[in-house]
Structure formats: structure tokens, C-alpha cells
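**Q** For the sequence shown, our numbering begins at 4 and goes up steadily by one.
Every residue gets a Cβ at the ideal spot worked out from N, C-alpha and C, and that includes glycine.
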Amino acid sequence: MFVDIAKIHLKAGNSGDGAVSFHREKYVAAGGPDGGDGGRGGNIVFVADKNLSTLADFRYKRKYAAHPGENGRGGRCSGKSADDLIIRVPEGTVIKETETGRIIADITDTPVVIAKGGNGGWGNTHFATATRQVPRFAKRGAEGEELDVTLELKLLADVGLIGFPNVGKSTLISVVSEAKPKIANYHFTTLTPVLGVVRLGEGSSFVMADIPGLIEGAGEGVGLGHEFLRHVDRCRLLLHVIDVSGSEGRDPIEDFNKINHELSVYSKDLGARPQIIVGNKCDLCDEERIEEIRKYFEDKGYTFFPIMAAIAEGTRELINYVAATLQKLPPIKRFEAEPKPKEDYLKPKERSFNIRVCEGVYIVENAPWLLNIMNDIDPDDYESLQYFERVLRSSGIIEALEKSGIKEGDTVSVYDVEFDYIK
Ligand SMILES: Nc1nc2c(ncn2[C@@H]2O[C@H](COP(=O)(O)OP(=O)(O)OP(=O)(O)O)[C@@H](O)[C@H]2O)c(=O)[nH]1
Ligand SMILES: [Mg+2]
């Protein structure tokens with residue numbers, strides 16, 4: 004089954020906690036801190052696999068989780084880091100953040116880490132400073148990244164065949180490549196994209212993609228067509244096939260303009276892609292009409308090739324011209340990762356917060372940066388709490404609480420943590 008889109012959930016491994024431990028040895032009076040670091044959580048890595056051609060595997064398994072790292076131990080023993088989870092996808096799979104549609108990666112030749120495992124927590128050896136002679140402080144492990152992604156397969160082809168249904172696209176690919184798609188005299192014979200390799204001898208070749216016929220409204224997502232445009236989205240060149248004979252009662256020039264409109268609606272970029280016009284079914288059309296159509300396209304600056312795909316007439320000339328044109332065009336399009344929008348708490352001047360007093364409780368809120376710090380705090384650990392207190396002081400929260408009239412013994416609530424205010 005051809006599946007070219009899938010939504011999945013990723014959870015990279017959490018890291019292990021750093022250890023709080025002290026060296027104990029006979030005849031050694033006061034051993035130093037020797038808590039090892041936690042192990043790194045497993046990343047989730049995507050790799051292109053040339054043997055895969057669809058995203059069908061992802062229809063049945065939608066949740067992917069990498070293993071957590073091990074906790075650190077005494078004796079400066081670091082916890083073991085977890086192995087990465089490798090996910091194999093067909094070459095040309097574009098990964099987007101489901102929520103925003105932001106492109107995270109285009110999986111072609113190099114593996115890409117999509118969800119990062121947590122960095123190992125620091126053991127208390129790191130906190131052994133002159134002022135902290137007994138460092139009980141150890142950092143908790145961090146959570147691995149968790150996100151929903153959409154996988155979209157965008158086939159890697161040099162040339163894409165586009166046009167109305169039944170104009171002879173599949174017939175053309177079948178006579179110029181080894182691809183053998185279904186050919187029949189009705190609309191939407193082709194239901195899934197087909198790739199064919201066109202060989203010109205002397206090791207020269209290019210890849211052609213046949214997609215289902217496009218219909219009006221396809222670019223806006225109406226009916227069949229839109230979803231297949233993504234498979235010609237990377238193409239360097241489009242072969243726009245028209246039925247010059249108008250054998251189905253339509254006007255080939257009108258057809259051409261309608262399809263181009265659909266391409267521009269899908270994306271400006273695709274609408275501007277170079278095109279060669281292929282006039283098929285010349286056997287059903289008189290010479291004069293063919294010349295009229297040729298003139299129309301040549302006046303617009305296009306190259307026009309009259310062919311009879313069914314008997315491979317004119318196809319050799321077309322293919323040679325396509326090969327020569329491809330040499331002048333840029334390589335197959337790759338999609339760049341789009342940058343993540345900067346999060347507010349990363350900007351130092353925006354260490355903002357708000358204090359609200361509700362039934363005698365002082366609530367600190369609207370401080371996402373603080374939430375991030377609190378995720379690293381171990382509330383059972385005295386030194387960890389001291390560190391937290393320093394953050395509250397340096398950011399001006401304590402001062403603001405005092406200005407709001409807080410008194411010894413009053414309760415402060417910061418997200419999930421409540422504590423008594425002591426001067
Ligand atoms: N007379 C004539 N008929 C042709 C020619 N080329 C293709 N056909 C016929 O046109 C019909 C449609 O051909 P297909 O290749 O299936 O057309 P398509 O564009 O792939 O159609 P969809 O997959 O439905 O979009 C078939 O009956 C072919 O035999 C040609 O040069 N002359
Ligand atoms: Mg077809």
C-alpha cells in the first residue's frame with residue numbers, strides 16, 4: 004500500500020540523575036564527594052533507507068520512545084548512556100512539527116537527530132567548591148525531548164509529469180523508462196505516484212515521476228491531485244502533458260492554464276518551475292491544429308514537443324532535450340530546516356513574573372523561564388533548594404514579594420511548589 008503521510012509521536016530518553024555520594028575508605032578521615040553523572044537519554048534519529056518506498060510502517064506504530072540513561076553512582080561512576088533509537092524512512096521524507104507545520108528536517112543522505120535525549124544529570128563531584136564543603140547538591144536528570152511530528156514523503160525525481168487525467172502521462176513514462184504503470188482509457192487510472200528511471204546510454208540517466216491526473220481545485224485540496232503535488236515538489240523540471248486533439252471535448256490550452264493555476268495555488272515555487280510542453284495524441288489531430296498550438300506555446304517562451312506516446316513517436320527527441328535541459332538546472336530541491344522560534348525565557352531581560360495574592364497565599368506566575376529552572380530542582384535536597392532560593396533573589400522575586408507585603412510564615416506558591424517565607 005502506498006502511504007506518503009503519517010503522524011507519529013516521539014519521546015527521547017530521559018537522562019539518569021547525578022549521584023550524591025561521598026568517598027569512604029578506611030583510614031581516610033573525610034572523603035570527598037564522588038557522585039557520578041547520570042547517563043544521557045537515547046536520542047531519536049531518522050535515517051534514509053533506499054529500500055523503503057512508502058511510510059506504510061507508520062500506520063500501525065505511532066509512538067516511538069528511546070530508552071532513559073542510567074543514574075550515576077558513587078565512586079565517580081557515571082550511569083550508562085542509552086542507545087539511540089534509529090527510525091528508518093524512505094529517502095526524501097520531510098519531517099515537520101505537527102503543531103506548527105515547521106520543517107524540522109529533510110531526510111536524504113545524512114542521519115538527523117529529531118528528538119534529543121536528556122543530558123546526564125551532574126553528580127555532586129561537580130559541586131565540590133571551597134564554599135560547599137559538603138556538596139549534597141546533585142542535578143536531576145533532564146527530560147528527553149517529546150514532540151509530535153508529521154512525516155511527508157516527497158519523492159526524489161528530476162522530472163515530473165503533470166496534466167489532466169487521461170492525457171497519456173502513464174503511456175509516456177512506460178515507453179521511455181522501465182516503469183510499467185497501468186494505462187487505460189478512463190480518468191484516474193493512476194492512483195499512486197510511480198517512479199521510472201530514463202536511461203540514455205553512456206551511464207546517463209534521470210528519474211521521472213508519474214502522478215495521478217490533476218483536476219481543478221486540486222491545489223486548494225479539492226478532490227484528488229493536491230496530495231500528489233508534493234511528489235513533484237522537488238522536481239527540477241516539469242513535463243506538462245496535454246491532449247492536443249481535445250479528444251475529450253476540452254481545449255488543451257485551457258487545460259494547460261488551469262493546471263498551472265493549480266500549481267501556483269499549491270506553491271508559488273512550484274508554479275514557477277521550468278516546464279516543457281508535451282502535445283500528445285497527435286495521431287488524432289490535424290497538422291494545422293498542432294502548429295497552431297505550437298505557436299501559442301512558443302510565443303509564450305515554452306518549448307513544445309508533439310508526440311504520439313502510444314507508439315513512442317517523438318519521444319526520443321523529447322527525452323534527449325529533457326536530458327540536455329537538466330544539465331543546466333540546479334539539483335533536486337532539498338528542504339531546509341526552519342529555525343525554532345526563540346523562547347522568551349532565553350532572553351535575560353525578560354525574566355519577567357507576576358505576583359498575585361489569593362487568600363493569603365503569594366502566587367508567583369507568568370514566569371516560564373522559572374519553570375524551566377524548577378524542572379532541574381530536586382525538592383528533597385537542601386542544597387538544591389538553596390540554589391533555588393538564590394534564583395528567587397537574583398531575579399528580584401523576593402524583593403517583589405516583600406513589596407507586596409509578605410510576612411514571615413506566609414505561604415509562597417510557585418507553580419507546583421509551595422513553601423513558607425522565612426526572612
Ligand atoms: N490515440 C492516442 N491515444 C493515446 C496516446 N497515448 C496514450 N493514449 C491513450 O490514452 C488513454 C489514457 O492514457 P494514460 O497513459 O492512462 O493517461 P494518464 O494521463 O496516465 O491518465 P490518468 O492516470 O488517468 O491521469 C489510454 O487509453 C492510452 O492508450 C496517443 O499518442 N494517441
Ligand atoms: Mg496515469
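When the distance is taken between beta carbons, is residue 305 closer than 8 Å to residue 278?
**A** Yes.
**Q** How long is the line joining the alpha carbons of residue 406 and residue 20, rounded to whole angstroms?
**A** Residue 406 and residue 20: Cα-Cα distance of roughly 37 Å.
**Q** Let me know the secondary structure DSSP gives residue 181 once reduced to three states.
**A** It is coil, neither helix nor strand.
**Q** Given a cut-off of 8 Å on the beta-carbon distance, is the pair residue 73 and residue 83 in contact?
**A** Yes, the Cβ-Cβ distance between residue 73 and residue 83 is below 8 Å.
**Q** By the 10 Å Cβ neighbour count, where 16 or more other Cβ atoms means buried, how is residue 154 classified, buried or exposed?
**A** It counts as buried.
**Q** Would residue 167 and residue 286 qualify as a contact pair, given that the criterion is a beta-carbon distance under 8 Å?
**A** No, Cβ-Cβ distance for residue 167 and residue 286 is not below 8 Å.
**Q** On the three-state DSSP scale, how would you describe residue 314?
**A** In the structure shown, residue 314 sits in a helix (DSSP, three-state: H, G or I).
**Q** For ligand 1, is there any heavy atom lying closer than 7 Å to the beta carbon of residue 216?
**A** Residue 216 Cβ: within cutoff of ligand 1.
**Q** Distance, Cα to Cα, residue 244 vs residue 8?
**A** One C-alpha to the other measures close to 27 Å.
**Q** Among 289, 165, 230, which residue has its Cα nearest to the Cα of residue 247?
**A** When each option's Cα is compared against that of residue 247, the closest is 289.
**Q** Using the beta-carbon count (16 or more within 10 Å), is residue 281 buried or exposed?
**A** Its Cβ being crowded by 16 or more others within 10 Å, residue 281 is buried.
**Q** With a threshold of 8 Å between beta carbons, is residue 182 in contact with chain D?
**A** No chain D appears in the structure shown, which is made up of a single protein chain.
**Q** With H, G and I counted as helix, E and B as strand and the rest as coil, what does DSSP make of residue 234?
**A** The answer is coil: DSSP assigns residue 234 none of H, G, I, E or B.
**Q** Around the C-beta of residue 240, are 16 or more other C-beta atoms found within 10 angstroms, so that it is buried, or is it exposed?
**A** Buried is the call here.
**Q** With a CB to CB cut of under 8 Å and the five nearest residues on each side skipped, what residues in its chain are close to residue 425?
**A** Contacts found: 411, 412.
**Q** Within a Cβ cutoff of 8 Å, which residues of the same chain sit near residue 308, ignoring the five residues on either side of it in sequence?
**A** Excluding sequence neighbours, residue 308 sits near 279, 280, 281, 282, 317, 320, 321, 324.
**Q** Below 6 Å CB to CB, which residues in the same chain sit around residue 313 once its five sequence neighbours on both sides are set aside?
**A** Closer than 6 Å at Cβ, skipping near neighbours: 174.
**Q** Just confirm the distance between the C-beta atoms of residue 400 and residue 356, as a whole number of angstroms; I'd bet it's less than 8 Å.
**A** Their Cβ separation, rounded to whole angstroms, is 6 Å, which keeps residue 400 and residue 356 in contact under 8 Å.
**Q** Under the assumption that residue 75 contacts residue 38 (Cβ atoms under 8 Å), give the Cβ distance between them as a whole number of angstroms.
**A** That pair is a contact at about 6 Å.
**Q** Helix or strand or just coil, what does DSSP make of residue 208?
**A** It is a strand residue.
**Q** Taking a contact to mean a Cβ-Cβ separation below 8 Å, would you say residue 62 touches residue 6 in this structure?
**A** It is a contact, given that the beta carbons lie within the stated cut-off.
**Q** What's the call for residue 365, buried or exposed, on a 16-neighbour Cβ count within 10 Å?
**A** Looking at its Cβ environment, which holds 16 or more other Cβ atoms inside 10 Å, residue 365 is buried.
**Q** So, is residue 193 buried or exposed, given that buried needs 16 or more other C-beta atoms within 10 angstroms?
**A** So residue 193 ends up on the buried side.
**Q** Should residue 206 go down as buried or exposed, given a rule of 16 or more other Cβ atoms within 10 Å for buried?
**A** With fewer than 16 other Cβ atoms within 10 Å, it is exposed.
**Q** Helix, strand or coil for residue 271 per DSSP?
**A** If DSSP states are grouped into helix, strand and coil, residue 271 belongs with the helices.
**Q** Using the Cα positions of residue 350 and residue 145, report the straight-line distance between them to the nearest angstrom.
**A** With a pLDDT of 47 at residue 350, under the threshold of 50, the predicted position of this residue should be treated as unreliable, and no value is reported.
**Q** Can you give me the Cβ contacts of residue 348 inside the same chain, cut-off strictly under 7 Å, excluding the 5 residues immediately before and after it?
**A** Because residue 348 carries a pLDDT of 41, less than 50, the predicted location of this residue cannot be relied on, and the following value inherits that uncertainty. Here the set comprises 371, 372, 375.
**Q** Taking buried to mean at least 16 other C-beta atoms within 10 Å of its own C-beta, is residue 133 buried or exposed?
**A** Unreliable positioning characterises residue 133 in this predicted model, as indicated by a pLDDT of 48, which lies under 50. A coordinate reading is not provided.
**Q** Give the C-beta separation of residue 1 and residue 269 to the nearest angstrom, bearing in mind that I take them to be a contact with Cβ-Cβ under 8 Å.
**A** Outside the shown range of the chain (4 to 426) lies residue 1, about which nothing can therefore be said.
**Q** Measuring only from the beta carbon, is residue 186 closer than 7 Å to any heavy atom that is part of ligand 1?
**A** Checking every heavy atom of ligand 1 against the Cβ of residue 186, one is found closer than 7 Å.
**Q** Within a Cβ cutoff of 8 Å, which residues of the same chain sit near residue 301, ignoring the five residues on either side of it in sequence?
**A** Contacts found: 307.
**Q** Measuring alpha carbon to alpha carbon, tell me which residue in 115, 216, 299, 48 is nearest residue 266.
**A** Ranking the options by Cα distance to residue 266, first place goes to 216.
**Q** Excluding the 5 residues preceding and the 5 following residue 111 in the sequence, name in chain order all residues of the same chain whose CB lies nearer than 8 Å to its CB.
**A** 51, 94, 95, 159, 337.
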